[in-house]
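S.K.: Residue 444 is where the sequence shown ends in the numbering used here, and the numbering goes up by one at each step.
C-beta atoms are modelled at their ideal positions from N, C-alpha and C, and glycine is treated no differently.
Pasting in a structure now, in structure tokens, and then I'll have a few things to ask.
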Amino acid sequence: MADREKKGGLVARWLLGKERSEDYARSTLPTSRWALFWDIFKGRFGKLVLVNLLMLLTFLPLVAVIVWRMLAMSAQELIGPYGAGLGVGYPVIPNVTGVAELTVFEMDMLFFVLFIPAGAIAALGLSGGGYIIRNLIWTEGIFVANDFLRGIKRNYWNVLEAVLFFTVFLFLARTMGNLADWLIASGSPMTGWLIASKVVGYILMAFALLISLWMISLGISYKQGPWALFRNAVVMTVGTFPQTILFAALAIWPVFLAMYGGSLFSVIGIIILIFLGISYALLVWLDFSQWAFDKFVNPNMGIASGRGLYNKDKANAPRPAAAAPAAESSAMQEYRRMIIAHGKSKLVCRPIKPIDDDLEVYQLPESFSREDLQKLKESKQAIEEDTKAFEEEHKDDERYVEYNRQFEEAERALEDESGKKKKKPRPPKMLNKR
11 MADREKKGGL VARWLLGKER SEDYARSTLP TSRWALFWDI FKGRFGKLVL
61 VNLLMLLTFL PLVAVIVWRM LAMSAQELIG PYGAGLGVGY PVIPNVTGVA
111 ELTVFEMDML FFVLFIPAGA IAALGLSGGG YIIRNLIWTE GIFVANDFLR
161 GIKRNYWNVL EAVLFFTVFL FLARTMGNLA DWLIASGSPM TGWLIASKVV
211 GYILMAFALL ISLWMISLGI SYKQGPWALF RNAVVMTVGT FPQTILFAAL
261 AIWPVFLAMY GGSLFSVIGI IILIFLGISY ALLVWLDFSQ WAFDKFVNPN
311 MGIASGRGLY NKDKANAPRP AAAAPAAESS AMQEYRRMII AHGKSKLVCR
361 PIKPIDDDLE VYQLPESFSR EDLQKLKESK QAIEEDTKAF EEEHKDDERY
411 VEYNRQFEEA ERALEDESGK KKKKPRPPKM LNKR
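Shown next as structure tokens:
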């Protein structure tokens, strides 16, 4: 019979594939962060594109500033007075040394200041899209529009802090770099120091980018104050520096492809950014961040690690024997105490007056007056007072005393087995689970 059923299901197995197997669901569950990334990328590709388009709406001011800067720079190359005296520039300037560098310095002062409010608007999209992608990594159900708005409400201030930190640092580094170029072109005697300061500034800007990425992932995953968010981001950046550089590069390569890839590759990079680039970057970075949180943060906070992953070893491992009460966790002891408390029946542990007297609730007639309402109220009060009097009179009866004593002894024994109550380890002040 079984063989016949197996042979008869050949066409069904061709159509349905491994889904007919009992182990199908478990065998396809991701067991590592790499597998989880590919599982989300392939299985939720449409949602990633939709989230990317939503985030792109908030990036439009930033894109507008970038395009405006590119057009302004191109126009300056055509009309600037860099060929003065040769008939290609106006007005005529006898000495054009440093004029190009001064122009770039003045223009970037404007555009890089505009990046700051444009980045604040883009933070709306990052907070909403990051919240959705974090839920995908945690394998939680999502509703794109609702969760996008919920993510903005929950995470915007943390993400805004990260974006402002990077854009302000970018403005300062770019301004100092342009100033160094202008001074060098003008013949400043401190050329070596100026070049060194420019290099150090760009290195610090790259480090600020890494810190900002960690601030975004920490701000989406945990509740924390502004200073704690920055401090934790610095700790995570330094503590996982090689991995941070690797995964930051894997996350934001479409941006560099669009900016520095040349004509053809820049077009490809822009298309990727429009439809998938921002979602892809967040997916790569938040997936890596969850690995780091599982390794360094969650165990110290008492939070379960491996969220969104299937632990094959844990599922197949034999269940341990029941532990002694003294070795049980505080959560299990509290659970047992709750079971004992819930087991105490309110109908048995205290006296309840039987209905054997002539007290009854006054029945309102079809047409009643204020006096009838007063009689109804007085009848209810009389029943309540009589019930309390009966309970007070019989509360010391042997059957109630014995019943309550048994539960009190059980609770006392449970406390004795658990030993002295230990204070629960508080999570670091900097991190609280969101």
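Alpha carbons only, please: which of Tyr320, Phe303 and Leu319 is nearest the one belonging to Gly312?
M.R.: Here residue 312 refers to the residue found at position 302 when the sequence shown is read from its first residue. The candidate whose alpha carbon is nearest that of Gly312 is Phe303.
S.K.: According to DSSP, Lys405 sits in a beta bridge with which residue or residues?
M.R.: To locate residue 405, count along the sequence shown from 1; it is residue 395. According to DSSP, Lys405 bridges with nothing at all.
S.K.: Run through DSSP, which three-state label would Tyr372 get?
M.R.: As a first step, residue 372 must be located in the sequence shown, where it is residue number 362. Reduced to three states, the DSSP call for Tyr372 is coil.
S.K.: For Trp167 and Ala243, I'd like the C-alpha separation in whole angstroms.
M.R.: Taking the first residue of the sequence shown as 1, we reach residue 167 at position 157. Taking the first residue of the sequence shown as 1, we reach residue 243 at position 233. Roughly 15 Å between the two C-alpha positions.
S.K.: Which residue comes first and which comes last in the alpha helix (DSSP H) that contains Glu111?
M.R.: By one-based count along the sequence shown, residue 111 stands at place 101. From DSSP, the alpha helix (DSSP H) with Glu111 extends over Val109 to Ile147.
S.K.: Where do the N-terminal and C-terminal ends of the alpha helix (DSSP H) with Met200 fall, by residue?
M.R.: Locating residue 200 in the sequence shown gives position 190, where the first residue counts as 1. Run containing Met200: none; DSSP gives neither H nor E here.
S.K.: Can you find the residues in the same chain that come closer than 8 Å, C-beta to C-beta, to Leu67, ignoring five residues on each side of it along the sequence?
M.R.: By one-based count along the sequence shown, residue 67 stands at place 57. Counting only Cβ-Cβ distances below 8 Å, and skipping sequence neighbours, we find Gly135.
S.K.: CA-CA distance, Gly138 and Arg415?
M.R.: If you number the sequence shown from 1, residue 138 lands on position 128. If you number the sequence shown from 1, residue 415 lands on position 405. Taking the straight line joining both Cα atoms gives about 55 Å.
S.K.: Between Glu402 and the rest of its own chain, which residues show a CB-CB distance below 6 Å, the 5 nearest in sequence each way excluded?
M.R.: To locate residue 402, count along the sequence shown from 1; it is residue 392. Counting only Cβ-Cβ distances below 6 Å, and skipping sequence neighbours, we find nothing.
S.K.: Okay, do the stretch 144 to 164 and the stretch 208 to 223 touch, 3+ Cβ pairs below 8 Å being the bar?
M.R.: Contact between the stretch 144 to 164 and the stretch 208 to 223 is absent, because fewer than three Cβ pairs lie under 8 Å.
S.K.: Since Asp297 is in the alpha helix (DSSP H), which residue starts that stretch and which ends it?
M.R.: The residue given as residue 297 occupies position 287 in the sequence shown. Ile288 to Ala302 is the span of the alpha helix (DSSP H), which, as asked, contains Asp297.
S.K.: Among Thr177, Thr113 and Gly287, which residue has its Cα nearest to the Cα of Trp263?
M.R.: Sequence index remark: in the sequence shown, residue 263 carries index 253 (1-based). The residue with the shortest Cα to Cα distance from Trp263 is Gly287.
S.K.: Exposed or buried, Tyr270, counting other C-beta atoms within 10 Å across all chains shown (16 or more means buried)?
M.R.: Within the sequence shown, the letter at position 260 stands for residue 270. Burial call: exposed.
S.K.: What's the C-alpha gap between Phe125 and Trp148?
M.R.: Reading the sequence shown from its first residue, position 115 is the one you call residue 125. Reading the sequence shown from its first residue, position 138 is the one you call residue 148. Distance between the alpha carbons of Phe125 and Trp148 is about 33 Å.
S.K.: Are the CB atoms of Ile143 and Leu296 nearer to each other than 8 Å?
M.R.: Counting from one through the sequence shown, the residue named residue 143 turns up at place 133. Counting from one through the sequence shown, the residue named residue 296 turns up at place 286. In contact: Ile143 and Leu296 (Cβ atoms closer than 8 Å).
S.K.: Would you report the Cα separation of Val277 and Val109, rounded to the nearest angstrom?
M.R.: Start at 1 with the first residue of the sequence shown, and residue 277 comes out as number 267. Start at 1 with the first residue of the sequence shown, and residue 109 comes out as number 99. Between Val277 and Val109, the C-alpha separation is close to 32 Å.
S.K.: Would you list, in sequence order, the uninterrupted alpha helix (DSSP H) runs of no fewer than 4 residues that lie entirely inside the stretch 214 to 295?
M.R.: Runs found: 236 to 249, 251 to 270 and 272 to 282.
S.K.: Would you identify the three-state DSSP class for Gly151, choosing helix, strand or coil?
M.R.: In the sequence shown, the residue the question calls residue 151 occupies position 141. In this structure, Gly151 counts as coil in the three-state DSSP scheme.
S.K.: Taking its Cβ as the centre, do 16 or more other Cβ atoms sit within 10 Å of Thr201, making it buried, or is it exposed?
M.R.: Translated into the one-based positions of the sequence shown, residue 201 becomes position 191. Its Cβ having fewer than 16 others within 10 Å, Thr201 is exposed.
S.K.: Whose C-beta lies closer than 8 Å to the C-beta of Lys208 among residues of the same chain, with five residues either side of it excluded?
M.R.: Counting from one through the sequence shown, the residue named residue 208 turns up at place 198. Hits under 8 Å: Met186, Gly187, Ala190 and Asp191.
S.K.: Taking only the alpha-carbon atoms, compute the straight-line gap between Val307 and Tyr212 and give it to the nearest angstrom.
M.R.: Counting from one through the sequence shown, the residue named residue 307 turns up at place 297. Counting from one through the sequence shown, the residue named residue 212 turns up at place 202. Cα to Cα, the separation comes out at about 30 Å.
S.K.: Based on Cα-Cα distance, which residue from Val173, Leu182, Arg160 and Leu193 lies nearest to Thr107?
M.R.: Counted from its first residue, the sequence shown places residue 107 at position 97. Nearest of Val173, Leu182, Arg160 and Leu193 to Thr107, Cα basis: Leu193.
S.K.: Just curious, the alpha helix (DSSP H) that Phe51 is in, first and last residue?
M.R.: In the sequence shown, residue 51 corresponds to position 41, counting from 1. Element bounds for Phe51: Arg43 to Gly53.
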